[in-house]
Amino acid sequence: MSVVIESVKAREIFDSRGNPTVEADVILSDGTMGRAEVPSGASTGEKEAVELRDGGTRLQGKGVSKAVNNVNTEINQALQGADPFNQGHIDQMMIDLDGTPNKARLGANAILGVSMATARAAANANHQPLYRYLGGTDLELPQTFHNVINGGEHADNGIDIQEFMITPVERTSFRDGFEKITNTYHTLKKVIEDAGYTTGLGDEGGFAPDLKNSEEALQMLHDAIIKAGYTPGKEIAIAFDAAASYFFNHDTKNYDFEDKTYTPDELGAYYMTLLDKFPEIISIEDPYGEDDWANFAKFTAAHGKQVQIVADDPVCTNPTLIREAIAQGMANSILIKLNQIGTVTETLEAIRIARKNGYTTMMSHRSGETGDTFVADFTVATNAAQLKSGAPARSERVEKYNQLLRIEEELGTDGTRLAHFPDNVKFD
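Going by our numbering, the first residue of the sequence shown is number 682, and it counts up by one from there.
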């Protein structure tokens, strides 16, 4: 007798910021269960699928009881008897049931929780690790990007660039690269303390000192890499997420950045002065606002062979928007977030489109995370090659990296491929 979905159930739990989120269980007819917890973002693009919140006064309006109820009623009834091994069909059933273009009726948080839990239930029923069930045999461990200095929406300080990341470039194994990151992270704490700043942590586990400007943050990263015993650019490189939508002035079409106003061309020139001073910078995410496609594309045309340029807010893991962005030459890399689009299947399609068109992909967590390690398995399964999941601090971040250590152990270090940064990027 074939195994089918017997029931679907959800509950309200809490994420790493103490905000409510959805946890979903999918129970199969053979008794197998899959469980998934849905992350939530603080820096969210306007084009993201809708995260359904209750409003009102309970939990400051952030409750998700409506989304939970949608799982326990409509979604549960629709999926009973369905084939859990046909992920595409399950996800399309929920998309059709919702009936809106952005999952606003049932909630992307409701739909994604069930989508992820279905994949996990199917993997469990097959007695396979999730990464193997979703990905097959030809797998690789990603290069990881770690947000170690927080600014923008992720911290209460004067830095407008949202994330300053370090990434292990030269490494013999995933563990070797992660150890290099943790050494640099702990050294960075001392660098910040020695400069007279506090070392409180932001949402993603990075330090959030009240620095003078973004250049000072980059200098601290540069110094920390050297003091930790590594060569900037060769062993440890730097990346940043400008999240420029948050300092774009919609009235003037300029960018109000750290007490100055920049035209789009001046902002691009500023970024290049940073790359000239810190040639170990290999990746820039969202250098322009989510609606400023023309300047995004102009910057890519001018500098896309020198540095990875990642599009996040303009495309929000949406296959339709990704196609449009590629047609306009907006970037050369796409950030991938499961909860931006709301199903496993649509996320896989977003990755497929990017790859088909020669774009790199960077899988990403969210600032409001849980202990769920789905994104780690998913990154390996899809050979996404890059993953950003926060600093090596706070358990909801570190658990993703711990899961990758387990996966490397299971695959065996001798036979495990390591993703490497695109060859067209120069390390001077």
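Even glycine gets a Cβ: it sits at the ideal position worked out from N, Cα and C.
- In the structure shown, isoleucine 1032 falls within a helical segment according to DSSP collapsed to helix, strand and coil.
- With the rule of 3 Cβ pairs closer than 8 Å, the segment 944-964 does not count as touching the segment 992-1010.
- In the three-state DSSP reduction, methionine 1011 falls in the coil class, being neither helix nor strand.
- The residue from Gln758, Gly794, Ala785 and Asp735 with its alpha-carbon nearest to that of alanine 691 is Gly794.
- In the DSSP annotation of this structure, the continuous segment of the beta strand (DSSP E) that includes phenylalanine 826 starts and ends at 824-831.
- Here leucine 869 carries a helix assignment [DSSP, helix/strand/coil].
- The DSSP-derived three-state label of phenylalanine 1055 is helix.
- Fewer than three Cβ pairs drawn from the segment 847-861 and the segment 1035-1045 lie within less than 8 Å of each other, which leaves the two stretches out of contact.
- Membership of valine 991 in the beta strand (DSSP E) is indicated by the continuous run 989-992.
- Counted as a single uninterrupted DSSP element, the alpha helix (DSSP H) harbouring isoleucine 907 occupies residues 895-908.
- Rounded to the nearest whole angstrom, the C-alpha separation of threonine 1024 and tyrosine 1082 is 23 Å.
- Taking a contact to require three or more Cβ pairs closer than 8 Å, the segment 963-975 and the segment 935-953 qualify as touching.
- Note on geometry: alpha-carbon atoms of isoleucine 907 and threonine 738 lie some 50 Å from one another.
- Here tyrosine 951 carries a helix assignment [DSSP, helix/strand/coil].
- Listed in chain order, the non-local C-beta contacts of asparagine 1064 below 8 Å within the same chain comprise Gly816, Asp819, Leu820, Glu821 and Ala1100, local neighbours out to five positions each way being set aside.
- The three-state reading of DSSP puts glutamine 768 in helix, counting H, G and I together.
- Per DSSP, reduced to three states, the secondary structure at valine 1061 is helical.
- Rounded to the nearest whole angstrom, the C-alpha separation of glycine 780 and leucine 787 is 9 Å.
- By the Cβ-count criterion, aspartate 696 is buried, with 16 or more other Cβ atoms from all chains shown falling within 10 Å of its own Cβ.
- Relative to alanine 789, the option among Asn999, Arg1098 and Thr1054 whose CA is nearest is Asn999.
- Distance from the CA atom of isoleucine 1007 to the CA atom of glycine 877, rounded to whole angstroms, is 45 Å.
- Phenylalanine 826 sits close to methionine 846, with the two beta carbons spaced by under 7 Å.
- Rounded to whole angstroms, histidine 903 and proline 913 show a C-alpha spacing of 7 Å.
- CA-CA distance, threonine 954 to arginine 1004, rounds to 31 Å.
- Of the residues Ser895, Asn767, Asn831 and Asp922, the one whose Cα lies closest to the Cα of leucine 1016 is Asp922.
- Bounds of the alpha helix (DSSP H) holding alanine 804 are 789-806.
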